[in-house]
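Per this note's numbering, residue 102 is the first one in the sequence shown, and the count goes up by one each step.
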Amino acid sequence: MPPSRPLEPVDIASFAGLQLSLLAAELDAEVAETSALVGGHSPSALQRAGMAITNLTVTAQRTGLGGKTVLELGPDAATAGSSSELPEHGLRTGDIVVVAEQPAGSAKKREVRELEKKGAKGVVTRLGRGVVAVALDEEDKEDNVVGSGGRVWIVKLADDVTYKRMAATMQKLQKMSEVELSIFIRVLFGLTSPSPVPLDPTDADVSSGKIEWLDPTLNDSQKDAIRFALASREIALIHGPPGTGKTHTLIELILQMMKRGLRILVCGPSNISVDNIVERLVPHKIPLIRLGHPARLLPSVLNHSLDVLTRTSEAGAIVKDVRAEMDAKQASIRKARNGKERRVIYGELKVLRKEYREREKRCVSSLVAGSKVVLATLHGSGGFQLRGEQFDVVIIDEASQALEAQCWVPLLSAKKAVCAGDHLQLPPTIKSLNFSKRKAKSPAALAKEGGDETAATKKGQAAAVTLETTLFDRLLTLHGPSIKRMLTTQYRMHEKIMRFPSDELYESKLVAAEAVKARLLRDLTAYPVAANDETTEPLIFIDTQGGDFPEKKEEEDASSSTAANAKKTKSRLMLGESKSNEMEAVLVRQHVRKLVEAGVRPEDIAVVTPYNAQVAILAPLKEAYPGIEIGSVDGFQGREKEAVIVSLVRSNPDGEVGFLAEKRRLNVAMTRPKRSLTVIGDSETVKRGSKFLTRWMSFLEDNADLRYPDVSSLALET
102 MPPSRPLEPV DIASFAGLQL SLLAAELDAE VAETSALVGG HSPSALQRAG MAITNLTVTA
162 QRTGLGGKTV LELGPDAATA GSSSELPEHG LRTGDIVVVA EQPAGSAKKR EVRELEKKGA
222 KGVVTRLGRG VVAVALDEED KEDNVVGSGG RVWIVKLADD VTYKRMAATM QKLQKMSEVE
282 LSIFIRVLFG LTSPSPVPLD PTDADVSSGK IEWLDPTLND SQKDAIRFAL ASREIALIHG
342 PPGTGKTHTL IELILQMMKR GLRILVCGPS NISVDNIVER LVPHKIPLIR LGHPARLLPS
402 VLNHSLDVLT RTSEAGAIVK DVRAEMDAKQ ASIRKARNGK ERRVIYGELK VLRKEYRERE
462 KRCVSSLVAG SKVVLATLHG SGGFQLRGEQ FDVVIIDEAS QALEAQCWVP LLSAKKAVCA
522 GDHLQLPPTI KSLNFSKRKA KSPAALAKEG GDETAATKKG QAAAVTLETT LFDRLLTLHG
582 PSIKRMLTTQ YRMHEKIMRF PSDELYESKL VAAEAVKARL LRDLTAYPVA ANDETTEPLI
642 FIDTQGGDFP EKKEEEDASS STAANAKKTK SRLMLGESKS NEMEAVLVRQ HVRKLVEAGV
702 RPEDIAVVTP YNAQVAILAP LKEAYPGIEI GSVDGFQGRE KEAVIVSLVR SNPDGEVGFL
762 AEKRRLNVAM TRPKRSLTVI GDSETVKRGS KFLTRWMSFL EDNADLRYPD VSSLALET
């Protein structure tokens, strides 16, 4: 069916040029932030802020994928005492870091470039309670770390690898000639209309033959989305609102495509999004390969990782002996008596690495070429393993949380795409200001930076795009709802919790499945829960209107004491000028206590808030109730809990709500719970923020169990 309105074609070169400038600005922002933190704070302060791990020693080294040296680092016994665990930190697997000799406590603060010069860059591949493993990227700097024999630290850097891969993809797109543009690419930029698909395709409408459903539990909207995706020639969007079984739908789609002999590349913006699909595919016993370092993958998918397959397959046997020899050399380095001996061993390793990589490359090519289903993160799909590989279809999960430039990394190797996501939840986090808000630079100036001075004057939508504009968003704007199918039965929320987001954002189309529509906390079957005011109400609104629960900025915590200043430094590092509300936090603690006393287990409770400063204030709840989750709304996207408490924080006489006005952020917050949603906030302040917030406050006042807290009764909670 053709779009309901005229296409507005996008000039591809202009689009790619603008993306390049926006990506450069984003990388600059990330690098500047990292440099400011590292250059302005001591190692211990950086560790408190989640940017570093200090007081480490090299405990082992081995050979990893690609012949890279993997260092295993553990706590230095001289500083850790009897503890063998890593100190508290904020690093994650996949982070880009530098491993360097740790400066003395009195040393001047280091600049990032100085760290990079003296240390060795790498990627965190494993984090255990007492070990962190880093795969080094710089072979010539190994001795800087290993040879020192002393105390080292690792510092998180800006991830320029992903940006470089996205930039290379945009440059390739920018330089494409007219004859190189496939029908598929032309459709994605509105230069050609999508091939028509029946409005309501039947099982027999799919060109490859009648569909025989493999999963008997699929609902009608899921089947409709799969039929549509199979029948579409170039592009299909599957819109999956919260709890509607989007991944469940994608598994059936992949299996149906396999039955039709299609070669499929499945991608997502994060490792966890890809691993969730691998886990669901494994029981179907289909041959698949998961690209990515095994240390970043879930244990349940390891046997399908390329690294494990290169060790266990017939093709992998040819590299096994070289890897064993390299590991022996790695072990001997630490036993070397002096720098001369180490340099000799490094020279031998260099020769072995070259042989290993050549053998491994042939092994990897053999494995990938013979695979019908390959899974990788979006930027991971741009690695050497898939260079030159072509696929019949690319499936992108969580497409509404990925940068469009990231999506193009796999798209250039495909003939068709299926994008699944929810554009009404939060888009990817952008650190740089969107160019539409950057007063110093016009669209024309930005386009000129990207290599095309006339971009802003050419017809099309390129100049209207920001990094927050995802591929999902842009295609919907370009082609309209004819390329989309929405899943409408949700299996997560009580009907009362679902009602407002359904009516406001999903055209009142969401229907609660029979099994979830009326379930409450008191109905939990895994363990007994008492029936009381907290467990028999699915929707509770604790309204703090009246001014007795005022917000405050993080900067208002100024104090002259040394301890307070240290705490303030940590706050600035982690929170910026975030908002908090201590009295509202007391209400949160009170409600959590009542839930736990009724029998609800802490691990089934989450407290979410839009502000990191409020997260910090609520953090002690983790000690009082081990297992409870406290986090930002943004960080909880894609998650669910039996009971969710939302602390809105904002309460001021001016009715200022800041980014609380972002309806997609609130949509995430209000759609996380299964059985119980408790909202705590000041209705007088919040309702003044936007029409959407006005309607939400009115809905809560009319439909929630409405409560007005008494400040004097909270004294015992503080």
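We put the beta carbon where it would ideally sit given N, CA and C, even for glycine.
Since we're looking at a predicted model, the values are computed, not measured.
* If residue 476 sits next to residue 361, beta carbons under 8 angstroms apart, how far is it from one beta carbon to the other, in whole angstroms? -> With a Cβ gap of about 18 angstroms, residue 476 and residue 361 do not count as contacting.
* Continuous alpha helix (DSSP H) stretch holding residue 717: start and end -> Here the alpha helix (DSSP H) through residue 717 covers 713-719.
* Can you give the Cα-Cα distance for residue 579 and residue 112, rounded to whole angstroms? -> Distance between the alpha carbons of residue 579 and residue 112: 13 angstroms.
* Span separating the alpha-carbon of residue 116 from that of residue 110 -> Near 11 angstroms, if we compare the C-alpha coordinates of residue 110 and residue 116.
* May I have a chain-ordered list of the alpha helix (DSSP H) segments no shorter than 4 residues that lie completely inside the stretch 325-364? => With a minimum length of 4 residues, the continuous alpha helix (DSSP H) runs that stay inside the stretch 325-364 are 347-360.
* Determine the contact status of residue 491 and residue 364, defining contact as a CB-CB distance below 9 angstroms. => Contact flag set, yes.
* Considering residue 134, what are the terminal residues of the alpha helix (DSSP H) in which it resides? -> Its alpha helix (DSSP H) spans residues 113-141.
* Distance between residue 451 and residue 464 (C-alpha atoms, nearest Å) -> Cα-Cα distance, rounded: 20 angstroms.
* To do: Determine the burial state of residue 620: buried for a count of at least 16 other Cβ atoms within 10 Å of its Cβ, exposed for fewer.
  => Residue 620 comes out buried.
* Between which two residues does the alpha helix (DSSP H) harbouring residue 632 extend? -> Segment: none, residue 632 is in no alpha helix (DSSP H) and carries neither H nor E.
* To do: Go through its chain and collect everything with a Cβ distance to residue 716's Cβ below 7 angstroms, but skip five positions before and after it.
  => By the criterion of a C-beta distance shorter than 7 angstroms, residue 716 is surrounded in its chain by 710, 731, 732 and 733, once the five residues flanking it on both sides are discounted.
* Asked: Can you round the beta-carbon distance between residue 320 and residue 252 to whole angstroms, since I take them to be within the 8 angstroms contact cut?
  -> In this structure residue 320 does not touch residue 252 by the C-beta definition: roughly 58 angstroms separates them, more than the 8 angstroms allowed.
* Asked: Within this structure, are the beta carbons of residue 271 and residue 124 separated by less than 9 angstroms?
  -> Closer than 9 angstroms, so yes.
* Nearest to residue 454 (by Cα), restricted to the options 432, 468, 426 and 471 -> Sorting 432, 468, 426 and 471 by C-alpha distance to the C-alpha of residue 454 places 426 at the top.
* Asked: Which residue's Cα is closest to the Cα of residue 301: 520, 584 and 261?
  -> Minimum Cα distance to residue 301 is reached at 584.
* Selection from 791, 513 and 751 that minimises the alpha carbon distance to residue 782 -> Cα-wise, what sits closest to residue 782 is 751.
* Who are residue 369's beta bridge partners in DSSP? -> Here residue 369 is bridged, per DSSP, to 478.
* Asked: What separation, rounded to the nearest whole angstrom, lies between the Cα atoms of residue 604 and residue 596?
  -> About 12 angstroms.
* Pull up the CB-CB distance for residue 611 and residue 317, whole angstroms please, since I reckon it's below 8 angstroms. => Incorrect: roughly 23 angstroms between the Cβ atoms, too far for contact.
* To do: Over the uninterrupted beta strand (DSSP E) stretch that includes residue 781, give me the two end residues.
  => Counting along the chain, the unbroken beta strand (DSSP E) around residue 781 starts and ends at 774-782.
* Just mark residue 315 as buried or exposed, buried being the case when its beta carbon has 16 or more other beta carbons within 10 Å. => Looking at its Cβ environment, which holds fewer than 16 other Cβ atoms inside 10 Å, residue 315 is exposed.
* Asked: Given that a residue counts as buried once 16 or more other Cβ atoms are within 10 Å of its Cβ, and exposed if not, what is residue 631?
  -> Exposed, since its Cβ has fewer than 16 Cβ neighbours within 10 Å.
* Asked: In or out: residue 443 buried (at least 16 other Cβ within 10 Å) or exposed?
  -> Counting Cβ neighbours within 10 Å, residue 443 comes out buried, since at least 16 surround it.
* Given 8 angstroms, three or more beta-carbon pairs between the stretch 681-700 and the stretch 741-749 -> When Cβ pairs closer than 8 angstroms are counted between the two stretches, the stretch 681-700 is seen to touch the stretch 741-749, the count reaching three or more.
* To do: Give the DSSP bridge partners of residue 806, in chain order.
  => BP columns for residue 806 point to 641.
* Can the beta-carbon of residue 255 be found less than 9 angstroms from the beta-carbon of residue 138? -> It is not a contact, given that the beta carbons lie outside the stated cut-off.
* **Proximity winner among 483, 778, 165 and 386, relative to residue 642 (alpha-carbon distances)** => The candidate whose alpha carbon is nearest that of residue 642 is 778.
* Taking the continuous alpha helix (DSSP H) assigned at residue 511, which residues delimit it? -> Run containing residue 511: 505-512, per the alpha helix (DSSP H) assignment.
* Which residues DSSP lists as bridging residue 587, in chain order -> In DSSP, residue 587 forms a bridge with 340.
* Beta carbon of residue 526 nearer than 9 angstroms to that of residue 765 -> Residue 526 places its beta carbon less than 9 angstroms from that of residue 765.
* To do: Indicate the three-state DSSP secondary structure (helix, strand or coil) for residue 544 in the structure shown.
  => Low local confidence applies: a pLDDT of 39 at residue 544 is under 50, so the model's placement there is unreliable, and no value is given.
* To do: Give every residue of the same chain whose Cβ lies closer than 6 angstroms to the Cβ of residue 338, excluding the five residues on either side of it in the sequence, and list them in chain order.
  => Excluding residues within five positions, the ones whose Cβ falls inside 6 angstroms are 520, 584 and 585.
* To do: Please state if the CB of residue 701 and the CB of residue 743 are separated by a distance shorter than 9 angstroms.
  => Cβ distance < 9 angstroms, so residue 743 and residue 701 count as in contact.
* Please specify which runs of the alpha helix (DSSP H), each continuous and at least 4 residues long, are wholly inside the stretch 174-199, giving them in chain order. => At a cut-off of 4 residues, the continuous stretches assigned as alpha helix (DSSP H) that sit fully inside the stretch 174-199 are 178-181.
* Within the same chain, show all residues whose beta-carbon is closer than 6 angstroms to that of residue 553, passing over the 5 residues directly before and after it, in chain order. => In this prediction, residue 553 has a pLDDT of 40, which is less than 50 and means its spatial position is unreliable; what the coordinates show is noted afterwards. The answer, listed in chain order, is 114, 115 and 118.
* For residue 695, the nearest candidate out of 728, 708, 633 and 645 (CA to CA) -> Cα-wise, what sits closest to residue 695 is 633.
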